[in-house]
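Quick mapping for you: the protein sequence lines, in order, are chains E and D. Residue 95 in the UniProt record's numbering sits at position 95 of the first sequence; the count goes up by one each step and never skips. Residue 36 in the UniProt record's numbering sits at position 36 of the second sequence; the count goes up by one each step and never skips. C-beta: ideal position from N, C-alpha, C; glycine also. Beneath this line is the structure, given in structure tokens, with notes to follow.
There are 2 protein chains.
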Amino acid sequence: MTETSDALKFRRAAVIGIGLIGASLAHAMRAGGLAERIAGFDLDADVRARALSLGVVDETAESFAEAVKGADLVILSTPVGAIDSLCAEAHAHAENGALVVDTGSVKGAVAEAARRVRREVLFVPCHPVAGTEQSGPEAGFATLFRQRWCILTPLDRTDEAYRAAVEKAAALWRAVGSHVEVMDAAHHDLALAITSHLPHLIAFTLVGAADDLESVAEAEIVKYSAGGFRDFTRIAASDPIMWRDVFLHNREAVLEVLGRFTEELALLQRAIRWGDGETLKKVFTRGRAIRRAIVAAGQETDAPNFGRDKKDA
Amino acid sequence: MTETSDALKFRRAAVIGIGLIGASLAHAMRAGGLAERIAGFDLDADVRARALSLGVVDETAESFAEAVKGADLVILSTPVGAIDSLCAEAHAHAENGALVVDTGSVKGAVAEAARRVRREVLFVPCHPVAGTEQSGPEAGFATLFRQRWCILTPLDRTDEAYRAAVEKAAALWRAVGSHVEVMDAAHHDLALAITSHLPHLIAFTLVGAADDLESVAEAEIVKYSAGGFRDFTRIAASDPIMWRDVFLHNREAVLEVLGRFTEELALLQRAIRWGDGETLKKVFTRGRAIRRAIVAAGQETDAPNFGRDKKDA
Ligand SMILES: NC(=O)c1ccc[n+]([C@@H]2O[C@H](COP(=O)([O-])OP(=O)(O)OC[C@H]3O[C@@H](n4cnc5c(N)ncnc54)[C@H](OP(=O)(O)O)[C@@H]3O)[C@@H](O)[C@H]2O)c1
Ligand SMILES: NC(=O)c1ccc[n+]([C@@H]2O[C@H](COP(=O)([O-])OP(=O)(O)OC[C@H]3O[C@@H](n4cnc5c(N)ncnc54)[C@H](OP(=O)(O)O)[C@@H]3O)[C@@H](O)[C@H]2O)c1
Chain E
1 MTETSDALKF RRAAVIGIGL IGASLAHAMR AGGLAERIAG FDLDADVRAR
51 ALSLGVVDET AESFAEAVKG ADLVILSTPV GAIDSLCAEA HAHAENGALV
101 VDTGSVKGAV AEAARRVRRE VLFVPCHPVA GTEQSGPEAG FATLFRQRWC
151 ILTPLDRTDE AYRAAVEKAA ALWRAVGSHV EVMDAAHHDL ALAITSHLPH
201 LIAFTLVGAA DDLESVAEAE IVKYSAGGFR DFTRIAASDP IMWRDVFLHN
251 REAVLEVLGR FTEELALLQR AIRWGDGETL KKVFTRGRAI RRAIVAAGQE
301 TDAPNFGRDK KDA
Chain D
1 MTETSDALKF RRAAVIGIGL IGASLAHAMR AGGLAERIAG FDLDADVRAR
51 ALSLGVVDET AESFAEAVKG ADLVILSTPV GAIDSLCAEA HAHAENGALV
101 VDTGSVKGAV AEAARRVRRE VLFVPCHPVA GTEQSGPEAG FATLFRQRWC
151 ILTPLDRTDE AYRAAVEKAA ALWRAVGSHV EVMDAAHHDL ALAITSHLPH
201 LIAFTLVGAA DDLESVAEAE IVKYSAGGFR DFTRIAASDP IMWRDVFLHN
251 REAVLEVLGR FTEELALLQR AIRWGDGETL KKVFTRGRAI RRAIVAAGQE
301 TDAPNFGRDK KDA
């Protein structure tokens, strides 16, 4: 991979799906002067209107075809469930030589769909590992991708045009502040199953289990959430549709890491039942090291409680 | 419960166990002018020395007995596993009429031990639902308890002296900024099992499961932790001894809520296996409402990513 080229500049970028990720990338590209013009298309007419009035995009289109007309960069930033239909549209309407990137949280399913796009359209599957629990164009901001990793899982093509497209996609992500890693889609899906998909599944599950408990009122759960529960509610507040699509499209890897989690949980459950303090202590001791490593890598704040409680408040 | 009295002032407070909670309470009492003198005792001589040089306490004692001599307030802020021995010490050495509060995260086990303290010593079990993932005297700060709930689980005594002691304990927590709630120990242990103990158990489990996965390197887990995993590492970085003691002393309630969690997880596992998007979406939709309620109740920040990513960074 080469470093960001000063010359990286797209004539027309088309953002398909103007939500948190699409809007953030549009803001970041604008801040970096990476595109002469940014067009947007979203299925939701209201989102289109809001994106335009927020200045996220220069213009909105009434269809995928209209948005990508003349575009040398197409950004697919819808939930993963739309990937088949978006690939059909890209196949039919994207310009020859256009770079198409997606931002989907799973990559095997994207690769499969991307292979059906004609070869003149250069589809590089991408996953920026950055986000928040919010969605919609209002949630977007230019610095979202800074110091975060973006994973590229290029298709199995060795032609020069495609290799250049992969370089250009990497340069784009670097230009918005990300570190770039290249790997195969299967490994991506397993690594993200443990670092992202399983944590979300568990957070959703915990919130659901709390909701189902008749013996403890919701008001109490809210009051005493500072005991730890509130940490889980952040990711459990993420978009249900996006996450439904992730689990429907990364089934195998999620079930595999879920199996590991369940084994570990059974071990701790037994230790609690039998009063085995040694096992509990041993398992509990592992947490600090990994958090320290995450903080050291610049992926997390070291302020207690994520810094949300002000010491001098 | 009456409101905080202006006259609330202890002659001598003895803090037993000068860690995050003990030191925070000492700081808060000093800031509020709630004690003429604050003495501290900790099993660890190094902690005693650090607490003294940090100015957390006015003096340190070499024993429990020495610390509580002349104290009209005794604060037990060690891990819950020490409660039996602390109660034996309080029985033998605390002054007649002294108010004794603990801060332990479980209350049934504390009540049982507290009943063995002689009646002239007024033991009011307390749990401030406030904390951070850090421990030790350096971690303490005066505002930790502000706007958080403190739960009192008074013993089954109706004498006037004890009722006055409960009032005084409530006034103490209010004076450091907390809201006070009174309930029975069994209900406390169930409510906290879902809002605090289970979240910690699950966070520890997830970190352990990630650690065990040979197919994904730790370096990758660190890099891609912004996908969600990092949220869990905060509470998984909490003190292993404190948490071992919580699980050893709240076994039944934890196993009960863990059962609920496991059922809910099995439901989602089946939905993923069978591609049942409707069920996934339904469960995932519950998260936003509860987070909104927690934010509205002042127990959480509404900034995306807990505010740890600066938009203008
Ligand atoms: N959120 C994160 O933290 C995060 C992080 C990394 C990657 N990602 C990935 O990035 C993608 C976008 O996520 P997001 O959080 O930005 O989602 P979002 O805020 O919900 O935005 C997605 C937008 O796409 C629109 N859309 C859906 N189907 C479409 C179609 N066929 N054509 C045009 N627009 C369509 C949606 O409209 P409707 O509402 O009308 O459906 C919505 O406005 C997802 O694939 C996700 O997996 C997300
Ligand atoms: N941390 C939280 O978020 C939180 C929140 C609410 C309530 N609590 C409860 O508050 C209590 C204290 O927690 P913490 O976080 O403040 O713990 P901490 O920072 O680990 O401090 C506890 C201190 O007590 C000392 N200690 C242990 N046994 C003792 C004994 N028999 N006599 C005197 N000192 C002793 C420990 O010394 P050694 O290190 O030498 O053992 C340690 O210095 C626990 O019961 C916990 O359940 C904690």
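So residue i contacts chain E; which residues on that side make the cut at Cβ distance below 7 Å?
i	result
residue 275/D	248
residue 191/D	216, 220, 224
residue 260/D	209, 212, 213
residue 96/D	Within chain E, no residue comes near residue 96/D; the closest Cβ sits about 34 Å away, beyond 7 Å.
residue 265/D	205
Between the Cα of residue i and those of the options, spot the shortest distance and give me the residue it belongs to.
i	options	result
residue 353/D	175/E, 274/E, 241/E, 196/E	The displayed coordinates of chain D run from 1 to 313. Any statement about residue 353/D would go beyond what the structure contains.
residue 142/E	83/E, 63/E, 32/E	32/E
residue 125/E	138/E, 96/E, 66/E, 189/E	189/E
residue 174/D	155/D, 147/D, 200/D	147/D
residue 131/D	178/D, 115/D, 247/D, 279/D	178/D
residue 192/E	96/E, 30/E, 14/E, 258/E	258/E
residue 266/D	27/E, 204/E, 234/E, 109/E	204/E
residue 187/D	229/D, 250/D, 8/D	250/D
residue 210/D	264/E, 171/E, 49/E, 106/E	264/E
residue 286/D	298/E, 207/E, 115/E	207/E
residue 29/D	11/D, 197/D, 213/D, 50/D	11/D
residue 280/D	253/E, 261/E, 247/E	247/E
residue 268/E	253/E, 284/E, 22/E	284/E
residue 136/D	25/D, 98/D, 282/D, 224/D	25/D
residue 128/E	181/E, 236/E, 108/E, 62/E	181/E
Given that a residue counts as buried once 16 or more other Cβ atoms are within 10 Å of its Cβ, and exposed if not, what is residue i?
i	result
residue 218/E	exposed
residue 160/E	exposed
residue 294/D	buried
residue 85/E	exposed
residue 305/D	buried
residue 46/E	exposed
residue 113/E	buried
residue 13/E	buried
residue 19/E	buried
residue 2/D	Low local confidence applies: a pLDDT of 42 at residue 2/D is under 50, so the model's placement there is unreliable, and no value is given.
residue 274/D	exposed
residue 270/D	exposed
residue 115/D	exposed
residue 133/D	buried
Given that residue i touches chain E, what residues does it touch there, using C-beta distances under 9 Å?
i	result
residue 198/D	206, 209, 210, 228, 229
residue 78/D	The contacting residues do not exist; residue 78/D stays about 16 Å from chain E at best.
residue 186/D	In chain order: nothing, as chain E lies at least about 10 Å away.
At a cut-off of 6 Å, is residue i close to ligand 1 when judged by its beta-carbon and the heavy atoms of the ligand?
i	result
residue 20/E	yes
residue 79/E	yes
residue 82/E	yes
residue 43/E	yes
residue 131/E	yes
residue 108/E	no
residue 287/D	no
residue 103/E	yes
residue 135/E	yes
Compute every distance between the C-beta of residue i and the non-hydrogen atoms of ligand 2, then say whether any falls below 6 Å.
i	result
residue 47/D	yes
residue 239/D	yes
residue 242/E	no
residue 153/D	no
residue 16/D	yes
List, in chain order, every chain D residue whose beta-carbon is nearer than 7 Å to that of residue i.
i	result
residue 301/E	308
residue 201/E	268
residue 16/E	Those do not exist, as residue 16/E stays about 22 Å from chain D at its closest Cβ, beyond 7 Å.
residue 174/E	None at all; the shortest Cβ gap to chain D is about 15 Å.
residue 13/E	Simply none; closest approach about 22 Å.
residue 272/E	247, 251, 254, 255
So residue i contacts chain D; which residues on that side make the cut at Cβ distance below 8 Å?
i	result
residue 233/E	287, 290, 291, 294, 300
So with CB distances below 8 Å, who are the chain E contacts of residue i?
i	result
residue 281/D	240, 241, 244
residue 88/D	Near residue 88/D there are no residues of chain E at all, since even the closest Cβ is about 20 Å away, more than 8 Å.
* Below 9 Å between beta carbons is the criterion; list the residues of the segment 22-41 of chain E that meet it against any residue of chain D, in chain order. => none
* To do: Return the residues of the segment 283-296 of chain E that lie within a Cβ-Cβ distance of less than 7 Å from chain D, sorted by chain order.
  => 283, 284, 285, 286, 287, 288, 290, 291, 293, 294
* For the segment 103-132 of chain D, enumerate the residues whose C-beta is nearer than 7 Å to any C-beta of chain E, in chain order. => 129, 130, 132
* Output, in sequence order along the chain, the residues in the segment 130-149 of chain D whose CB is closer than 9 Å to any CB in chain E. => 130, 131, 132, 133, 134, 139, 141, 142, 143, 144, 146, 147, 148, 149
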